[in-house]
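*Asks:*
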Amino acid sequence: MWDVIVEFNLWPTYLFEFIAALAGLTYLWKTGTKVPDERFLIHYLVFIFLADLFILIYSTYGYVYKFQYLEFILGTPFQSQFWLYNILILGICSSFIYYFILLFESRELKRLFKLIIVFYLLSSIVAYFIGDFFKSNDYSFSMGSILICIAIGAYYLEILKSHNTLEIHKKLCFYVSIGLLVYNLCLIPMHLFQDYVQSNSGDSEFYQVYNMILKLSNFFMYSMFTIGFAVEYYWMRKSKIQKSI
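Quick note on the numbering used here: the sequence shown kicks off at 14 and runs consecutively.
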């Protein structure tokens, strides 16, 4: 099974996720942070790594061993991994929007984006029923990504109105927002114009480009998360040292 993972070059994304999750756990261990948004992000990174790893094992096991000992899955819609990804995408997008809710100072913004999460979940469920829950669904990812970008924009506007603008480069949340913004801006066009591009260039060419952009975007996003933990820890230690002098 490992041979297939290496052959299809599936491992890099999981390595980046693992490093980011490890950086988060190390940060939690070193600082014992009680900050809600930081703890939420760390728990999220651990969860997403384990969830993605489970889906990788599930799909690879089915591909290599044809669900040996789990033959009842063969010939059913559950044979594909897309239904698992469709569930996971809802969790991923909702979690990142909620992360920015934790960062917002404005109660109105918090209330608005909580309603946006409800809208996103309900509309995505409807899209799954209208389309096919057991196949790739562009709506949930594209809409979720757009809403995340809107949440990041609202977060930046709130920063500009605050007195913390000059200190923002010291904060984990700043690096998280950059990683997420670049990741989503890179992938939104790929999903929105997927049908048009495929009809003109063919599946193989489209997926080669898509996979390359996806891997590079994942590398950038999780690298920014990891850098964010390191930067936040550095400035926290520096502040403590200065106070002790």
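Even for Gly, the Cβ is constructed at its ideal location relative to N, Cα and C.
#1: Taking 7 Å as the cut-off, decide whether the C-beta atoms of C235 and E30 are in contact.
#2: Using a 10 Å radius around the Cβ and a threshold of 16 neighbouring Cβ atoms, would you call I165 buried or exposed?
#3: Reducing DSSP to helix, strand and coil, say where S119 ends up.
#4: Cutting at 6 Å between CB atoms, please list the residues of its own chain near G241, excluding the five before and the five after it.
#5: Let me check understanding here. Comparing Cα to Cα, which of G104, E245 and L193 lies closest to S230?
#6: Can you give the Cα-Cα distance for S107 and Y152, rounded to whole angstroms?
#7: So, does the CB of R52 fall closer than 7 Å to a CB anywhere in chain C?
#8: Have a look at L28 and Y71 and give me their C-alpha separation to the nearest angstrom.
#9: Touch check for the segment 58 to 75 and the segment 118 to 129: three-plus C-beta pairs under 8 Å?
#10: So, with DSSP's three-state summary, where would you put V259?
#11: Taking 6 Å as the line, does the beta carbon of A164 fall inside it for any heavy atom of the ligand HEM?
#12: List the endpoints of the continuous alpha helix (DSSP H) containing P90.
#13: Using 10 angstroms around the beta-carbon of S175, count the other beta-carbons present and answer buried if the total reaches 16, otherwise exposed.
*Replies:* Checking against the coordinates, here is how it stands:
#1: Before going further, note that residue 235 is Tyr rather than Cys in the sequence given. Result yes, Cβ atoms of Y235 and E30 sit closer than 7 Å.
#2: buried
#3: Coil.
#4: L185, Y188 and V189
#5: L193
#6: 14 Å
#7: Among the chains of the structure shown, chain C does not appear; only one protein chain is present.
#8: When only Cα atoms are considered, L28 and Y71 end up about 18 Å apart.
#9: no
#10: As displayed, the chain neither begins before 14 nor continues past 258, which places residue 259 out of reach and without an answer.
#11: The ligand content of the structure shown is nil, which means the ligand HEM is not present either.
#12: No alpha helix (DSSP H) holds P90; DSSP gives it neither H nor E.
#13: exposed
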